[in-house]
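The end of the sequence shown is residue 927 by the numbering used here, with every number in the run present. A quick write-up on the structure given underneath.
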Amino acid sequence: MLQDLMPFKQNYLDLNGNKMHYLNEGEGEPVVMVHGNPSWSFYYRNLVSALSENHQCIVPDHIGCGMSDKPDDANYDYTLKQRIDDLETLLDSLGVKENITLVVHDWGGMIGTGFAARYPERIKRLVYLNTAAFHLPKSKPFPWALWICRDTLLGTALVRGFNAFSSIASYVGVKRKPMDKATRKAYVAPFNNWKNRISTLRFVQDIPLKPEHRNYDLVTEIGDSLKQFQQTPTLVCFGLRDFVFDAHFYAEWQERMPYAEFHEFADCGHYILEDASEEVIGLIKGFIEKHP
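Written out as structure tokens, the structure reads:
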């Protein structure tokens with residue numbers, strides 16, 4: 636049962652007629668956790684359990700993901716800027732405007748850092764997990780699987796017709812040991828039909844690869860904004876067997892944020908909080924305690 640794996644209260648915020656689901660557990664300094672694609676707030680369940688005793692843990696489901704509404708294109712703009720706007724609206728609605736520890740994964744890195752770039756004074760700590768906040772590294776070819784999803788009718792059919800992206804990720808996203816059936820089922824549950832898989836496809840289609848692509852300049856700005864966090868305590872944990880965010884991205888983080896605390900997991904994949912849950916949660920807890 637999903638409730639057994641994720642025993643948290645469901646909260647909702649109205650965003651221009653679309654309901655955004657979010658977790659809001661515990662009290663204390665805020666820890667804001669931002670998921671990516673094709674996951675949802677479920678990804679952070681164990682971290683929420685570990686931190687909510689002493690912190691306010693806020694975890695949104697992006698529109699189109701998890702327990703949030705899944706509108707069509709006419710009723711929601713599935714773009715990076717809108718995602719950042721949504722996060723800002725949520726945090727403002729909760730009065731969360733200072734001492735934020737930002738934990739991000741996958742697309743959450745771009746969305747969360749986009750928010751941080753707007754309000755650097757609100758950020759106390761940064762935690763990056765298999766993600767990016769910059770363009771595709773020059774040394775990294777664009778993955779063929781993402782190209783198929785992004786630029787072909789076949790990709791659309793596979794992603795929206797057969798849930799290929801979310802389903803395959805639940806298998807290849809972990810490397811130490813396979814997800815158990817209940818966990819894998821929970822990951823793919825929100826994306827259960829053609830209509831509800833729209834965000835899974837739109838996220839991939841929103842990746843800007845050329846200057847003429849929408850959001851290219853915004854991603855450039857987000858990457859440039861990392862320079863202003865040199866005094867912000869930063870933790871980077873990476874599973875190096877990620878099918879997208881691999882050693883090329885890890886090296887880019889090391890170049891851009893050499894002052895950060897780095898931990899690599901050579902035998903782990905994309906879902907680092909599944910593959911190395913206890914180790915990474917321990918590192919995050921220790922990191923927060925180290926930088927009070």
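Note that the Cβ used here is the ideal one computed from N, Cα and C, for glycine as well. Computed from a predicted model, the values in this text were never measured in an experiment.
- Put simply, the backbone Cα of His670 is about 17 Å away from that of Ser802.
- Here DSSP, grouped into helix, strand and coil, assigns Gly874 to strand.
- For Thr766, the enclosing beta strand (DSSP E) starts and ends at Ile758 to Thr766.
- Pro843 and Asp721 have their C-alpha atoms roughly 20 Å apart.
- Between the alpha carbons of Thr855 and Gly747 lies a distance of about 15 Å.
- Here Pro695 is bridged, per DSSP, to Tyr657.
- In this model, Asn734 and Glu664 are separated by some 6 Å (Cα to Cα).
- By the neighbour-count definition (other C-beta atoms within 10 Å, threshold 16), Lys705 is a buried residue.
- With fewer than 16 neighbouring CB atoms inside 10 Å of its own CB, Pro755 falls in the exposed class.
- With a contact defined as Cβ atoms closer than 8 Å, Trp675 and Gly701 qualify at about 3 Å.
- Proximity to Arg753 across Phe922, Leu764, Lys732 and Val738 peaks at Lys732, based on C-alpha coordinates.
- The alpha carbon of Val879 has as its nearest neighbour, out of Arg819, His898 and Lys775, the alpha carbon of Lys775.
- If the five residues before and after Ala895 are omitted, its C-beta is found closer than 6 Å to the C-beta atoms of Thr869 and Val871, all from its own chain and listed in chain order.
- If you look at Met745, you'll find it in the alpha helix (DSSP H) that goes Trp742 to Arg753.
- Scanning the region 675-738 for uninterrupted beta strand (DSSP E) segments of 3 residues or longer gives 690-695, listed from N- to C-terminal end.
- When the alpha-carbon of Asn651 is set against those of Met668, Gln717 and Leu686, the nearest one is in Gln717.
- Assignment of Phe884 by DSSP, reduced to helix, strand and coil, places it in the helix class.
- Straight across, the Cα-Cα distance linking Glu899 with Asp877 is about 11 Å.
- Contact annotation: Asp910 and Arg811 have beta-carbon atoms nearer than 8 Å.
- Going by DSSP, Leu918 is part of the alpha helix (DSSP H) stretching over Ser912 to Lys925.
- Per DSSP, the beta-bridge partners of Met668 are Val738.
- Here Glu899 is bridged, per DSSP, to Phe873.
- Given a length threshold of 3 residues, the region 802-838 has no whole run of the beta strand (DSSP E) inside it.
- When the five nearest sequence neighbours on each side are left out, the beta carbons in the same chain lying within less than 8 Å of the beta carbon of Phe643 are those of Leu658, Glu660, Arg680 and Val683, in order along the chain.
- Excluding residues up to 5 positions away in sequence, Ser674, Phe677, Ser801 and Ser805 lie with their Cβ nearer than 7 Å to the Cβ of Tyr822 in the same chain.
- One thing to note: Gly744 has its Cβ no nearer than 8 Å to the Cβ of Thr724.
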